[in-house]
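**Q**
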Amino acid sequence: MRATYILVLLFAWTTAVSLGDPFSKNDSVKTYRFISKNILTRLIDSVFEKQEVTRGDVELLNYYATILKNNNSDSVKLSDFNLSELSFYSQSDEKILFPPVSFDSLPSSFNLVLENNFLGYYFSPFKGVITSNYGFREGRLHKGIDIDLEKGDKVSAAFDGKVRFAKLQGGFGNVVILMHPNGLETVYGHLSKIKVKEGDVVLSGQTIGLGGNTGHSYGSHLHFELRYKGYPLNPAGFISFTDHKLIHHTVVIKKSNHLLAAFPSNSSLHTVNRGESWALIAGKYGLSTKELLALNGLAKRYYLKPGQQLRIN
363 MRATYILVLL
373 FAWTTAVSLG
383 DPFSKNDSVK
393 TYRFISKNIL
403 TRLIDSVFEK
413 QEVTRGDVEL
423 LNYYATILKN
433 NNSDSVKLSD
443 FNLSELSFYS
453 QSDEKILFPP
463 VSFDSLPSSF
473 NLVLENNFLG
483 YYFSPFKGVI
493 TSNYGFREGR
503 LHKGIDIDLE
513 KGDKVSAAFD
523 GKVRFAKLQG
533 GFGNVVILMH
543 PNGLETVYGH
553 LSKIKVKEGD
563 VVLSGQTIGL
573 GGNTGHSYGS
583 HLHFELRYKG
593 YPLNPAGFIS
603 FTDHKLIHHT
613 VVIKKSNHLL
623 AAFPSNSSLH
633 TVNRGESWAL
643 IAGKYGLSTK
653 ELLALNGLAK
663 RYYLKPGQQL
673 RIN
């Protein structure tokens with residue numbers, strides 16, 4: 363069991379990021395205000411001297427490593443008050459709706475911690491009925507989900523973070539974009555009123571706007587997106603919008619046919635070959651098409667592209 367933990371720690375070091383002062387061989391890993399790759403290396407070394415390595419130690423080290431990696435930094439300040447310093451882009455790029463980031467610059471696969479005692483916890487932006495899911499419709503990718511609401515309903519921040527963008531913007535109407543310490547951004551579109559300003563620090567559950575019908579919208583609803591470095595992720599891959607909670611606390615993000623996709627860390631994946639259909643792939647693994655769609659956070663079929671990866675368990 364100990365060897366397994368050490369392998370996980372080494373994997374965290376090679377794929378992710380972050381830490382503070384070293385702990386003694388009898389201590390648990392603690393939280394830190396400043397974390398660096400140097401300190402992370404010392405922390406991992408010290409694990410070999412410990413009598414027992416707990417799962418909590420591994421999760422925290424992996425979290426620290428992820429923060430360093432996703433912030434693309436050798437050192438990160440971490441404290442209850444560091445969200446005001448959060449930044450993913452240059453000062454000028456932060457004013458752009460979705461700053462351009464080369465897809466080739468992203469790792470092919472990496473861990474992403476979604477919530478814990480240090481990141482904070484998920485809060486449902488709005489508890490309403492899903493009226494449109496993530497996925498292709500009429501040949502175009504719908505990059506988020508639509509949640510039914512009434513004009514004036516309160517819309518909440520999904521995670522602790524910092525407001526990067528808050529203004530009227532084309533088809534999104536009044537839109538708020540929040541940056542989060544793990545590298546994610548959440549997008550809240552078609553608001554009737556914005557209740558925060560750029561640079562504000564917000565906590566999960568805090569009201570960031572009121573529901574509405576601004577921009578290219580037919581009927582009041584919240585358009586909600588999850589993005590990493592500007593690339594959309596299917597929110598239903600992480601979040602249950604019926605139970606209003608996260609499905610997984612940590613996911614693996616993989617490149618899949620020029621898109622990013624999130625999977626549980628223990629998932630088995632199928633790579634789509636030319637000519638394969640949803641029904642054919644489902645049949646290979648003893649699944650119904652509906653079950654295969656549900657595993658991949660989808661409500662309806664769309665055209666599959668060779669090289670795309672699908673979760674099969």
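Here the sequence shown is numbered in my numbering, starting from 363 and rising by one per residue. Where a beta carbon is used, it is the ideal one built from N, C-alpha and C, also for glycine. These numbers were taken from a predicted model, which means no experiment stands behind them.
For a quick check, are the C-beta atoms of Phe600 and Ile507 less than 8 Å apart?
**A** Going by C-beta atoms, Phe600 is not nearer than 8 Å to Ile507.
**Q** Among Gly545, Leu572 and Leu540, which one has its Cα closest to the Cα of Glu560?
**A** When each option's Cα is compared against that of Glu560, the closest is Leu540.
**Q** Is the separation between the beta-carbon of Asn478 and that of Val614 shorter than 8 Å?
**A** Taking 8 Å as the Cβ cut-off, Asn478 and Val614 do not qualify as a contacting pair.
**Q** So, helix, strand or coil for Pro597, using DSSP?
**A** Correct three-state label for Pro597: helix.
**Q** Would the beta-carbon of Val352 fall within 8 Å of that of Thr569?
**A** Here the chain has residues from 363 to 675 only, and residue 352 is not among them.
**Q** Residues in the same chain with beta-carbon distance under 6 Å from Phe460, minus the five sequence neighbours each way, listed in chain order, please.
**A** Gly592.
**Q** Grab me the residues of Ser650's own chain with a C-beta within less than 7 Å of its C-beta, minus the 5 sequence neighbours each way, in chain order.
**A** Only Ala644 meet the Cβ criterion.
**Q** For a quick check, are the C-beta atoms of Asn536 and Leu511 less than 8 Å apart?
**A** Contact: no.
**Q** For Leu608, which residues from the same chain have a beta carbon less than 7 Å from its beta carbon, with the 5 sequence-adjacent residues on both sides left out?
**A** Excluding sequence neighbours, Leu608 sits near Leu476, Glu477, Tyr484, Phe600 and Ile601.
**Q** Does the beta-carbon distance from Gly603 to Ile674 come in below 8 Å?
**A** First, the amino acid is wrong: residue 603 is Phe here, not Gly. Not closer than 8 Å, so no.
**Q** Please report the Cβ distance between Lys489 and His583, rounded to the nearest whole angstrom; I am assuming they are in contact, meaning their Cβ atoms lie under 8 Å.
**A** In fact, because the Cβ distance is near 13 Å, the residues do not count as touching under 8 Å.
**Q** With 16 other CB atoms within 10 Å as the buried threshold, where does Phe521 fall?
**A** Classification for Phe521: buried.
**Q** So who's on the other strand from Ala623, going by DSSP bridges?
**A** Answer by DSSP bridge pairing, in chain order: Lys616.
**Q** So if DSSP puts Tyr590 in a beta bridge, which residue, or which two residues, is it bridged to?
**A** DSSP output for Tyr590 lists Leu546 and Tyr593 as bridge partner(s).
**Q** How would you label Ile556, buried or exposed, when you count the other beta carbons within 10 angstroms and need 16 or more for buried?
**A** So Ile556 counts as buried.
**Q** For a test of the three-state rule: what should DSSP assign to Arg636, helix, strand or coil?
**A** Coil.
**Q** Just the C-alpha distance for His610 and Leu530, rounded to the nearest angstrom, thanks.
**A** Computed Cα separation, rounded: 33 Å.
**Q** Kindly list the residues whose CB is nearer than 8 Å to the CB of Tyr665, restricted to its own chain and excluding five residues on each side of it in sequence; keep chain order.
**A** Around Tyr665: Phe498.
**Q** Between the Cα of Phe527 and the Cα atoms of Ile509, Gly514, Asp515 and Gly551, which residue gives the shortest distance?
**A** Answer by Cα proximity: Gly551.
**Q** Is it the case that the Cβ atoms of Ser446 and Val563 are separated by a distance below 8 Å?
**A** Yes, Cβ-Cβ distance for Ser446 and Val563 is below 8 Å.
**Q** Assuming Arg589 contacts Val549 (C-beta within less than 8 Å), just tell me the rounded distance between them.
**A** Yes, they are in contact, since the Cβ atoms of Arg589 and Val549 sit about 7 Å apart, within 8 Å.
**Q** Are there 16 or more other CB atoms within 10 angstroms of the CB of Gln453, so buried, or fewer, so exposed?
**A** So Gln453 counts as exposed.
**Q** For Phe410 and Leu422, what's the separation of their Cα atoms in angstroms?
**A** The straight-line gap from Cα to Cα measures roughly 16 Å.
**Q** Mind checking Lys505: buried by the 16 CB within 10 Å criterion, or exposed?
**A** So Lys505 ends up on the buried side.
**Q** Excluding sequence positions up to five away, which residues of its chain have a Cβ less than 6 Å from the Cβ of His542?
**A** Taken in chain order, the residues that qualify are Phe521 and Gly523.
**Q** Once you ignore the five residues that flank Gly669 on each side, which residues in its own chain have a CB closer than 8 Å to its CB?
**A** Result list for Gly669: Ser618, Asn619, Thr633 and Val634, in chain order.
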